Amino acid sequence: MNKNSYNIMALTPNTSNKRETVCIFGTGDFGRALGHKLIQSGYPVVFGSRNTQTPSLIPKDAEVLSHTEAAQKAAIIIIAIQRQHYSFLTSLAEILHGKVLVDVSNNLKINQYPESNAEYLAQLVPGAKVVKAFNTVSAWALQSGTLDASRQVFVCGDDMEAKQMVMDIVRALGLTPLDQGSLLAAQEIENYPLQLFPMWKFPILLSLGLVAFFFFYSLIRDVIYPYVYESKDFSFFIAISIPNRICPVVALILLALVYLPGVLAAIIQLYRGTKYSRFPDWLDKWMLCRKQLGLVALAFAFLHVLYTLVIPIRSFVRWRTSNKILSLALKNETEPLNTTNAWLSDSYLALGILGFSLFFLLGITSLPSVSNNVNWREFRFVQSKLGYLTLILCTAHTLVYGGNRFLSPSSYRWYLPNAYMLSLIVPCIVLVVKFVLIFPCLDKPLTRIRQGWERNPQYPDKSNYIINKSAV
Amino acid sequence: MNKNSYNIMALTPNTSNKRETVCIFGTGDFGRALGHKLIQSGYPVVFGSRNTQTPSLIPKDAEVLSHTEAAQKAAIIIIAIQRQHYSFLTSLAEILHGKVLVDVSNNLKINQYPESNAEYLAQLVPGAKVVKAFNTVSAWALQSGTLDASRQVFVCGDDMEAKQMVMDIVRALGLTPLDQGSLLAAQEIENYPLQLFPMWKFPILLSLGLVAFFFFYSLIRDVIYPYVYESKDFSFFIAISIPNRICPVVALILLALVYLPGVLAAIIQLYRGTKYSRFPDWLDKWMLCRKQLGLVALAFAFLHVLYTLVIPIRSFVRWRTSNKILSLALKNETEPLNTTNAWLSDSYLALGILGFSLFFLLGITSLPSVSNNVNWREFRFVQSKLGYLTLILCTAHTLVYGGNRFLSPSSYRWYLPNAYMLSLIVPCIVLVVKFVLIFPCLDKPLTRIRQGWERNPQYPDKSNYIINKSAV
Amino acid sequence: MNKNSYNIMALTPNTSNKRETVCIFGTGDFGRALGHKLIQSGYPVVFGSRNTQTPSLIPKDAEVLSHTEAAQKAAIIIIAIQRQHYSFLTSLAEILHGKVLVDVSNNLKINQYPESNAEYLAQLVPGAKVVKAFNTVSAWALQSGTLDASRQVFVCGDDMEAKQMVMDIVRALGLTPLDQGSLLAAQEIENYPLQLFPMWKFPILLSLGLVAFFFFYSLIRDVIYPYVYESKDFSFFIAISIPNRICPVVALILLALVYLPGVLAAIIQLYRGTKYSRFPDWLDKWMLCRKQLGLVALAFAFLHVLYTLVIPIRSFVRWRTSNKILSLALKNETEPLNTTNAWLSDSYLALGILGFSLFFLLGITSLPSVSNNVNWREFRFVQSKLGYLTLILCTAHTLVYGGNRFLSPSSYRWYLPNAYMLSLIVPCIVLVVKFVLIFPCLDKPLTRIRQGWERNPQYPDKSNYIINKSAV
């Protein structure tokens, strides 16, 4: 091949010194931005374009040639054109034979085409080694150099050597390549930049459902009921009073739902007597979005804190306070201090403060950069020990808030209990079951199961090969 | 020395096994710290020094030799001495020929010398391959191993192979090399550690200016006016009341200024009919510091929240409340509940809480480790969709706070409107223009322009090569 | 499909194209998870097991062979079995000769065995090259792919080439290898995942001690004293009032203790006239846990803020307020505004708000991902300049809070001063000494010492080789 001889000649006097030329097909935004960055990192760059006059926006150290000429100059060709224009590449099949073609394209919709763009490219030019890369990086991020969004570049391809070459370029640009395996992974990689918080979908939908339910529940109890029976217009409760009932209730339920799947998994493992059979799918998915559930719960807890702290500034509350004092003043009365009330009020506030602070701490440790700096044991300590402590404190906060109102008939309007009473169901179940699981008669077999022991072992020698890292 | 001969013998049968010797010129803090770290990572280290007696602080596995002897033992020589002492290296030019010299030095001032230290070194020893590296790492960070500050090591140099060797050492030390291109980049790399938050300068100066303006503005309205007309001493307003007027006003203006450049850019692109011509420089710079502007705005919003929440604890406020109740009690009056006021008060508080919570969420997503874990689409969703929602909520918060006071003559003292009225100008302009831009007659051409379409195309075939990643 | 047949042909002559086979001994959780991940990243995987029937949980692309057969297929063998089962490896010594053995094991306790597992393995199979790696990664993290915990993989080993091979595998899996040196480091690496926040132990124990002391101190002053002398039951103060005395006091003392070691170090350096002699061990340890001390202080400050902001919601406080107004109403009196009190109250609140906000900012900048993105100068600016400003603001907050109560005899019950008076001792000492150290007569020699100057120099030429990066 004359390409090789050309390369060898060009490189002979100075082989080690130079990075290999990279060719870019397409002079659009992304091609230009990538070319600019490559030149900065020491790669000679040639652009392949239909129009070989150098446009003004092309980086000035780059050459612009015809596709054929450009392709001959480099072993790696970055295909920075849209999928619908790929077809012309078939005419270049001969020149592209043996070359590394880097597919950087994205689609507009998830699973827009039956096969991924990279696989389509590999079918069009069967002699080339296709590598998928760079599709998660934006032209703007490359140009501005700020790279606020991710530095991760997913790379996949069938040819190891080609993939290695592309990964070296990625590293040279200051980005982090992540090998995702063979070209089959391209579909997933192409879908990645089109995703919009997939792990957050379930937690957010669930919390929206809970918010809607408790909104109408509280509306009936707190606005419609007094309007019907006392003809009082408390519609302004919609702004703060009702949200401040919804937020703590939703936060507590979501927090309990973070710990419920762990408890369910323990029961399943105990029942099955092994950890080597898969959990049901819904449980697996639930366990994978526990972090997101917890963070949504934290957001509601945060809102609850703010809504609570503005209470004394509210016009209605100030009016109520001054009215109460005035009515006492008119009767020439003074109130004695009710120590029980003082205890209850201070306790539930204190429990709430401690619970929220621990919850906030849990939120901080789930920041990627913090969790990257703790080891596995520390991570589990924070997320399970401190997590349960948070759940206990928040449940206790709600119980003490209820205080002696649980049995008072005035708490039930139209037979509807207060919203916070409903919110206690899930956390109490989780805490009771967890408490039962701590008893040695259940904890011991569970620990053994998690270390690999099986009640009805399938492979007798497996217990020899336990690694002391239990799942979860 | 018999220790040396032993080493050589031990190494003979298994050369591939060993990392290559690294030589360090200079036994100062940084040289010693780097030597220590290199030895830890398996590199044999020799120090070159005028004084060849091993000082007590040199790592014990390292040899100390004369400069000549040390240089002969290694292919890579780290020049850990100050620039003003570089001149003696000319006498070693012959031995240093073909070696990789790593310049680790920093200056005391930005652009202290006409050329960078690394370029000066390359001039002094023209036969050597000079690489700039390690200048952003501190001796203390290397020694303590904590590396709280950055793990990034900027590397530049004209010789690819030499740069690669240095980058491998950087990686072996557990640091992240970032290739910055040729030795021309050394100037910038040397200036980097001398920078003090360059991106923050404009946002901070701007906000200080705004703070100063609104401080005097509020001082006149809230302290001097009542002193002149009512002889009341409200000087203590300087501590909380006035800051709590300044903070929300500055926060809202800065938040609007985050979104103003995007709107301006859209207008410019629509007017020009293309996205392929550069924005004016001031707009480019403004767009690059939007994140910092937003975070400064968040800081003021945070202060506003704290200042607002302490209101009921303030001695003055408690006095005012009790005085108001007492005057009603003396007149034997009670106040009826003003539902409109309750609605207004609760609404602006609720809007403020929601706005601040969303703003806080935006702040969290701008943490590097969080933004690294979202894809480009998610990043844009958070920063633009949620960002505009934040701006709308905060503007509405201010509008409702104003309520029916906008037209009340008591809001104007010496013809000066309330500060919050002034703060509404910029956000309202941004929101109105953004609202206009959403109309299909403007949104459609804008989308097409951002996808590469041009009203008066310069290169007719460019539209074929659009990559579906639009800027911003 | 002709694409497939072409591919097979294309791959035949080009073996370099393939990643090398990796062998895994042990089919436990960790072995299987690692095997799965390796296959994903393109490595052919064979498992060595006593039972060569493929168990259902083994990744389907992997082979399961006898230990002998499996070992022969690969140059790298990952020993994913527990230490107590290592002994059978001696029988395979011949086959394992020259192979790279990767020890991934962990123990149950710190320093459980006299030598590390990796060193024990190296003794058992002296002909093999043992590398320690992967022990910080959990099976669950590998399987789920979320890798919430650390991506860092500590690697150590005596053979450079073997270590390099393992580090390449680590990188291919998308993890970050950190070379920790020779196999001697294995002990430390094996202890790492068993650690539970070692740097936090001292700060947390210290703060618990302070909390206990100030709890009983406040209990005596605020609950027992009024009970004894006035027969009042203020036991409910335990929930909020007493914690809200403890938190600010502990936060201020801990914050001052963050800056005390720096001041002590300066005094020691000035006294010794050199920076080249080691600090006492306790001072070194103290300096290394300053960040943790500061963050614990921030947590207490955060609690203090929440405890303070709920004050107006407390049942007791509302009772006290209404009682005070009622008693005035009964006497038909009104209170005039006390401007001094208004000034004092607003000032200490404002100082507290500013101090806490700055403190919060310091906390944010100590997040790993934030501190990774600032240069050394910026890091020092934030941590020392802004840190001292925080200390000054918080000390001033406490001083103004005390106000004119310092000399009032009612502040002393049973000769015990208020807790906040005790908390002022350490910060005032730190600030006074720091203020003295700023005077030029002390600052100049200190700066020179920190740049390497010595009062009684040991090596006369060292001053030539100062690098302008001073420690701390």
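Chains as they are written, first to last, in the numbering used here: chain A, 1 to 472; chain B, 473 to 944; chain C, 945 to 1416. Here a beta-carbon is modelled for each residue, glycine too, at the ideal position from N, C-alpha and C. This structure is a prediction, so every number in the text was calculated from the model and none was measured.
Contacts of Leu367(A) in chain B (Cβ-Cβ under 9 Å): Taking the first sequence and counting its residues from 1, one reaches residue 367(A) at position 367. What Leu367(A) touches in chain B: Ile836, Leu839, Ser841 and Val842.
Residue nearest to Gln1026(C) in terms of C-alpha spacing, selected from Gly1217(C), Ser1162(C), Ile1186(C) and Asp973(C): Residue mapping note: residue 1026(C) aligns to position 82 of the third sequence, counting from 1. It is Asp973(C).
Contacts around Lys601(B), its chain only, beta-carbon distance under 6 Å, and the 5 residues preceding and following it disregarded: Counting from 1 along the second sequence, the entry for residue 601(B) is found at position 129. The residues are Val572, Asp631 and Ala634.
Neighbourhood of Ala657(B) by C-beta distance below 6 Å, restricted to the same chain and skipping five residues each side: Residue numbering aside, residue 657(B) sits at position 185 when the second sequence is read from its first letter. Cys628, listed in sequence order.
Local conformation of Phe1178(C) per DSSP, three classes: Stepping through the third sequence from its first residue, residue 1178(C) is reached at position 234. Secondary structure at Phe1178(C): coil, using DSSP grouped into helix, strand and coil.
Distance between Arg272(A) and Cys23(A) (C-alpha atoms, nearest Å): Sequence index remark: in the first sequence, residue 23(A) carries index 23 (1-based). Sequence index remark: in the first sequence, residue 272(A) carries index 272 (1-based). Looking at the two C-alpha atoms, the distance is approximately 58 Å.
Endpoints, beta strand (DSSP E) assigned at Cys23(A): Looking up residue 23(A) in the first sequence gives position 23. Val22 to Phe25 is the span of the beta strand (DSSP E), which, as asked, contains Cys23(A).
Listed by chain order, chain C residues near Glu335(A) by CB distance under 9 Å: Start at 1 with the first residue of the first sequence, and residue 335(A) comes out as number 335. Ordered by position in chain C, the residues that pass the 9 Å Cβ test against Glu335(A) are Trp1263, Ser1266, Asn1267 and Leu1270.
Reference Leu351(A); option with closest CA among Trp376(A), Leu389(A), Asn323(A) and Asn375(A): Along the first sequence, read from residue 1 onward, the residue named residue 351(A) stands at position 351. For the residues Trp376(A), Leu389(A), Asn323(A) and Asn375(A), the minimum Cα distance to Leu351(A) belongs to Leu389(A).
Coil, strand or helix - Asp630(B) by DSSP: Position 158 of the second sequence, counted from the start, is the residue given in the question as residue 630(B). Of the three classes helix, strand and coil, the one that applies to Asp630(B) here is coil, per DSSP.
Burial state of Asp1092(C) (16 or more Cβ within 10 Å): Translated into positions along the third sequence, residue 1092(C) becomes position 148. At Asp1092(C) the pLDDT is 49, less than 50, meaning the model places this residue with poor confidence and gives no usable figure here.
N- and C-terminal bounds of the alpha helix (DSSP H) containing Gly646(B): For the purposes of this step, residue 646(B) is taken as the residue at position 174 of the second sequence. It is not in any alpha helix (DSSP H) - Gly646(B) carries neither H nor E in the DSSP assignment.
Start-to-end residues for the alpha helix (DSSP H) that takes in Ile325(A): Counting from 1 along the first sequence, the entry for residue 325(A) is found at position 325. DSSP places Ile325(A) in the uninterrupted alpha helix (DSSP H) bounded by Ser315 to Leu330.
Residues that DSSP places opposite Ile550(B) in a beta bridge: If you number the second sequence from 1, residue 550(B) lands on position 78. Partner(s): Ile496(B) and Val574(B).
Proximity winner among Leu1375(C), Arg1349(C), Leu1298(C) and Asp1290(C), relative to Ala771(B) (alpha-carbon distances): Residue mapping note: residue 771(B) aligns to position 299 of the second sequence, counting from 1. It is Leu1298(C) whose Cα lies nearest to the Cα of Ala771(B).
Straight-line gap, Cys900(B) to Ala773(B) (C-alpha atoms, nearest Å): Residue mapping note: residue 900(B) aligns to position 428 of the second sequence, counting from 1. Residue mapping note: residue 773(B) aligns to position 301 of the second sequence, counting from 1. Their backbone Cα atoms lie some 18 Å apart in a straight line.
First and last residue of the uninterrupted beta strand (DSSP E) at Gly520(B): The residue labelled residue 520(B) in the question sits at position 48 within the second sequence. For Gly520(B), the uninterrupted beta strand (DSSP E) run begins and ends at Val517 to Gly520, by DSSP.
Own chain partners of Met671(B) with C-beta closer than 6 Å, once the 5 adjacent residues on each side are dropped: For the purposes of this step, residue 671(B) is taken as residue 199 along the second sequence, with counting starting at 1. Result list for Met671(B): Cys761 and Gln764, in chain order.
Own chain, CB closer than 6 Å to Tyr1403(C), minus 5 neighbours either side, in chain order: In the third sequence, the residue the question calls residue 1403(C) occupies position 459. Confidence at Tyr1403(C) is low in this model, with a pLDDT of 47, below 50, so its placement is unreliable and the value that follows should be read with caution. Apart from the 5 residues on each side of it in sequence, Tyr1403(C) has no Cβ closer than 6 Å to any other Cβ in its chain.
Any C-beta of chain C under 8 Å from that of Ser690(B): As a position in the second sequence, residue 690(B) is number 218, starting the count at 1. Residue-level contact check: Ser690(B) does not touch chain C, since none of the beta carbons of chain C fall below 8 Å from its beta carbon.
Beta bridge counterpart(s) of Gln624(B) as assigned by DSSP: Residue 624(B) sits at position 152 when you count from the first residue of the second sequence. For Gln624(B), which the question treats as bridged, DSSP gives the partners Thr648(B).
Residue burial classification, Ser384(A) (beta-carbon count within 10 angstroms, cutoff 16): Taking the first sequence and counting its residues from 1, one reaches residue 384(A) at position 384. Exposed: under 16 other Cβ atoms inside 10 Å.
DSSP-derived helix/strand/coil call for Leu367(A): Against the first sequence, residue 367(A) aligns to sequence position 367. Correct three-state label for Leu367(A): coil.
C-beta atoms of Leu650(B) and Val609(B) nearer than 8 Å: Counting from one through the second sequence, the residue named residue 650(B) turns up at place 178. Counting from one through the second sequence, the residue named residue 609(B) turns up at place 137. The answer is no: Cβ separation not under 8 Å.
Cβ pair Asn117(A), Leu194(A) closer than 8 Å: Sequence index remark: in the first sequence, residue 117(A) carries index 117 (1-based). Sequence index remark: in the first sequence, residue 194(A) carries index 194 (1-based). No, the Cβ-Cβ distance between Asn117(A) and Leu194(A) is not below 8 Å.
Candidates Leu724(B), Ile582(B), Ala613(B) and Trp791(B), of which the one nearest Leu903(B) by Cα: One-based indexing of the second sequence puts residue 903(B) at position 431. The shortest C-alpha separation from Leu903(B) is found at Leu724(B).
Which listed residue (Leu596(B), Ala613(B) and Phe686(B)) has its alpha carbon closest to that of Gly503(B): Your numbering for residue 503(B) matches position 31 in the second sequence. Measuring from the Cα of Gly503(B), the nearest candidate turns out to be Ala613(B).
Residue of Arg1264(C), Ser993(C), Glu1007(C) and Pro1361(C) minimising C-alpha distance to His1029(C): Translated into the one-based positions of the third sequence, residue 1029(C) becomes position 85. Nearest C-alpha to His1029(C): Ser993(C).
Segments assigned beta strand (DSSP E), at least 3 residues, entirely inside the stretch 229-276 of chain A: Qualifying beta strand (DSSP E) stretches: none in this window.
Within 8 Å, strictly: CB atoms of Ser207(A) and Val249(A): To locate residue 207(A), count along the first sequence from 1; it is residue 207. To locate residue 249(A), count along the first sequence from 1; it is residue 249. No, these two residues do not count as a Cβ contact at 8 Å.
Within 7 Å of chain A by C-beta, residues of the stretch 1164-1189 of chain C in sequence order: Listed in sequence order: Asp1177, Phe1180, Ala1183, Ile1184 and Pro1187.
Opening and closing residue of the alpha helix (DSSP H) in which Lys581(B) lies: Within the second sequence, residue 581(B) is the residue found at index 109, counting from 1. No alpha helix (DSSP H) holds Lys581(B); DSSP gives it neither H nor E.
Identity of the residues DSSP links to Lys604(B) by a beta bridge: Along the second sequence, one-based indexing puts residue 604(B) at 132. DSSP, once it has assigned bridges, lists Asp575(B) and Cys628(B) as partnering Lys604(B).
Interface partners of Met94(A) on chain C, CB under 8 Å: Taking the first residue of the first sequence as 1, we reach residue 94(A) at position 94. Met is not the amino acid found at residue 94(A); the sequence shown has Glu there. Ordered by position in chain C, no residue passes the 8 Å Cβ test against Glu94(A), which lies about 15 Å from the chain.
Residue span of the beta strand (DSSP E) that contains Val1008(C), given as start and end: The sequence position of residue 1008(C) within the third sequence is 64, counting from 1. It spans Glu1007 to Leu1009 - the beta strand (DSSP E) in which Val1008(C) sits, taken as one unbroken run.
Residue from Arg963(C), Val1114(C), Pro1205(C) and Asn1055(C) whose Cα sits closest to the Cα of Val989(C): Translated into positions along the third sequence, residue 989(C) becomes position 45. Closest option to Val989(C), Cα to Cα, is Arg963(C).
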